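For reference, the structure is listed below as structure tokens.
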Amino acid sequence: MFKNLIKFTLFFLLAIALITYSLIGIPIKASNENYVQIFVNGKNIDFPDQKPYIDTKSNRTLVPVRFIAEAINNSSVEWLQETKTVKITAADSNIKLSIGSANAYVNGITTQIDAIPKLINDRTMVPLRFIAESLGTTVQWDEKNRAVNLETKEFYKVNNNKSKKQTTINATELSMGDSKEKLLEILGQPARIDLSEYGFYWYIYNQDYYNYIQVGIKDGKIVALFTNSRNWSLLDNISINSTQANIRANYGEPLQYILKNRTRYSLLNEQNTRDVYQINDNYISFFYDVHSNHEVSSILIIDKNIEESFRQDIQPNSELRVSFEKQMLDITNATRVKHGKSPFKWCNNAAHVARMHSSDMMNRGYFSHDTPKGKTLANRFNDYGIRYKMVGENIAAGQQSAIHAHESLMNSLGHRKNILGDFKYLGVGTAFGGSYNTYYTQNFYTSR
């Protein structure tokens, strides 16, 4: 009965981008153990004289400021000889650092840096992570190849289908266990590749939010599928907007627990919002929209062995943090498009404020929009110099992923109102640790 069930079928006009980004397989060699190479969106950055290196005292990567600032987003760099200060000016960030000083300024706000800028061979060497993140760029360290991979905010942008070649594909099918090569043949290169909490990598297809899908890949095979798009369905015609009654009529009563290493993980407290079934060698989750007749809002399929080996104690990991933040933007925008709304635009400054609030809640052990000393969202935006005429915030804690956090927020009317509201920008910040293990903050706003 279930032999061919775990397939997604898609009927739509598939827009295949002529140009895609790939973050895979960059061979690197280095002769000096302190020397590192820098890649921006997969491109190796050339430093003609003074090379980047790892400072042994701070264990931070230092780079010549001009080359890295210009490579990230064509930021302008100004050197003030009298004060030995470097100024970096970008579209939404202004940064000042001085030689020999641990004080740095981002949009006028003072912050401490743990790697002090220095002059070497007439080049101003600055901490790479601080500069990159202040310019809205994510940073990932490749230990094996001793390389730093930077992803600019271009990775957050939604592609415009007008500039793409279009090919009609009927009855496109993806199955659990299919090869990565088949996935790429059908859907092309993903817009992004994200680490998952399970350890496999999500191939993110956000080029068209109407057809949004995440495909999990491990050892060259599909081990997970997730979508909240109405255009994807299971082969038995179960799809987004099927009801909980439809699901139970098809599959019977859902699981009450999952057995992991002889320990039962209960699912009973979720059965108003999610039903889980074991079908062949997979677990399939149907998430429900409790404010829309318990219709299916999204479908998640995970390989049985991967699910049963997973423990929810997520360790701090900057790569996973960035993955959750990006996915929360994408899943939110796919939800908005499904409800007839325009996608949010990503705001790095709002994301920074959100990330700091998630970290503060985690570090100080509270869960609230206001800090223990009464600082509000408006205070945080004002402190960071974000000008707004309308602002909102969602917070969540304890959910194992961006998928679970989003579904929880959508089932709360106040949070749902923000997600489907008339804001223009969204920034997301995640933190790991503390009593809840995971903390999520979404900051929404419309600028003045």
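For the sequence shown, the UniProt record's numbering gives the first residue as 1, with consecutive numbering after it.
Glycine is no exception: its CB is placed at the ideal position from the N, C-alpha and C atoms.
These numbers come from a predicted model, not from an experiment.
>> Considering only the alpha carbon of each residue, which of Asn-293, Ile-306, Leu-259, Asp-289 lies closest to Leu-282?
In response: In the sequence under discussion, the amino acid at residue 282 is Asn, which differs from the Leu named in the question. The option with the nearest alpha carbon to Asn-282 is Ile-306.
> Which same chain residues, not among the five before or five after Arg-387, have their C-beta less than 7 Å away from its C-beta?
Replying inline: Shown here for Arg-387: same chain residues with a beta carbon closer than 7 Å to its own, the five before and five after excluded, namely Ser-447, Arg-448 in chain order.
> Under a three-way DSSP split, which group does Leu-135 fall into?
Replying inline: coil
> According to DSSP, is Val-391 helix, strand or coil?
Replying inline: strand
> Who are the near neighbours of Lys-341 in its chain, counting only those whose CB is closer than 7 Å to its CB and skipping five residues on each side?
Replying inline: Leu-420
> Just the Cα atoms here: how many angstroms apart are Gln-244 and Leu-174?
Replying inline: Approximately 24 Å between the Cα atoms of the pair.
> Can you name the start and end residues of the beta strand (DSSP E) that Gly-414 belongs to?
Replying inline: No beta strand (DSSP E) contains Gly-414, which is instead part of the alpha helix (DSSP H) from 413-419.
> Does the beta-carbon of Thr-227 have 16 or more other beta-carbons within 10 angstroms, so that it is buried, or is it exposed?
Replying inline: Around the C-beta of Thr-227, 16 or more other C-beta atoms lie within 10 Å, and the residue is accordingly described as buried.
> Is the Cβ-Cβ distance between Ser-196 and Gly-216 less than 8 Å?
Replying inline: Between Ser-196 and Gly-216, the CB-CB gap stays under 8 Å.
> Whole-angstrom Cβ separation of Gly-93 and Asn-107, contact assumed at under 8 Å?
Replying inline: Per the sequence presented here, residue 93 reads as Ser, with Gly not at that position. Indeed, because the Cβ distance is near 6 Å, the residues count as touching under 8 Å.
>> Taking the beta carbon of Ile-284 as the centre, do at least 16 other beta carbons fall within 10 Å, making it buried, or is it exposed?
In response: buried
> When DSSP labels each residue in this structure, what does Met-176 get in the three-state scheme?
Replying inline: coil
> Mind pulling the beta strand (DSSP E) runs of 3 or more residues that sit fully within the stretch 202-267?
Replying inline: 213-218, 221-227, 232-234, 257-260, 263-266
>> For Asn-349 and Gly-136, what's the separation of their Cα atoms in angstroms?
In response: 8 Å
>> Less than 7 Å between C-beta atoms, sequence neighbours within five positions excluded: which residues of the same chain meet that for Lys-260?
In response: Only Glu-308 meet the Cβ criterion.
>> For the stretch 354-368 against the stretch 326-346, do three or more pairs of beta-carbon atoms, one drawn from each stretch, fall closer than 8 Å, so that the two count as touching?
In response: no
> Met-125 and Pro-64 look like a contact to me (Cβ under 8 Å); what is the Cβ gap, rounded to whole Å?
Replying inline: 6 Å
>> At the level of alpha carbons, what is the spacing between Asp-219 and Ile-258?
In response: 24 Å
> Could you give the residue range of the alpha helix (DSSP H) that holds Asn-103?
Replying inline: No alpha helix (DSSP H) contains Asn-103, which is instead part of the beta strand (DSSP E) from 103-106.
> Would Lys-96 be called buried (16 or more neighbouring beta carbons within 10 Å of its own) or exposed?
Replying inline: buried
> Where does Ile-88 sit, in a helix, a strand or coil, going by DSSP?
Replying inline: strand
>> Tell me which residue opens and which closes the beta strand (DSSP E) that Arg-380 is part of.
In response: From DSSP, Arg-380 is part of no beta strand (DSSP E) but of the alpha helix (DSSP H) over 377-383.
>> As an exercise, report each continuous alpha helix (DSSP H) stretch of at least 4 residues that is fully enclosed by the stretch 340-382, in chain order.
In response: 348-364
>> Checking 8 Å against the spacing of the C-beta atoms, do Glu-407 and Thr-273 come in under that value?
In response: yes
> Is the beta carbon of Asn-411 less than 8 Å from the beta carbon of Phe-444?
Replying inline: no
> Can you tell me where the beta strand (DSSP E) with Ile-120 in it begins and where it stops?
Replying inline: Boundaries of the beta strand (DSSP E) around Ile-120: 118-120.
> Is the Cβ-Cβ distance between Gln-278 and Leu-268 less than 8 Å?
Replying inline: no
> With burial defined as no fewer than 16 other Cβ atoms inside 10 Å of the residue's Cβ, what is the status of Thr-56: buried or exposed?
Replying inline: So Thr-56 ends up on the exposed side.
>> If the criterion is Cβ atoms closer than 8 Å, does the pair Leu-426 and Phe-344 meet it?
In response: yes
>> For Lys-326, report the span of its alpha helix (DSSP H) as first-last.
In response: 318-338 is the span of the alpha helix (DSSP H), which, as asked, contains Lys-326.
>> Tell me the rounded alpha-carbon separation between Gln-271 and Ser-401.
In response: 18 Å
> Considering Val-65, what are the terminal residues of the alpha helix (DSSP H) in which it resides?
Replying inline: 65-73
> What is the C-beta distance between Ile-38 and Pro-52, in whole angstroms, given that I count them as a contact (C-beta under 8 Å)?
Replying inline: 6 Å
>> Let me check understanding here. Comparing Cα to Cα, which of Ile-113, Tyr-440, Thr-138 lies closest to Ile-99?
In response: Ile-113
> Thinking just about the alpha-carbon of each residue, which of Lys-118, Asn-145, Leu-119, Glu-151 is nearest to the one in Glu-133?
Replying inline: Glu-151
> What residue from Ser-318, Asn-145, His-404, Tyr-35 has the CA that sits closest to Thr-61's CA?
Replying inline: Tyr-35
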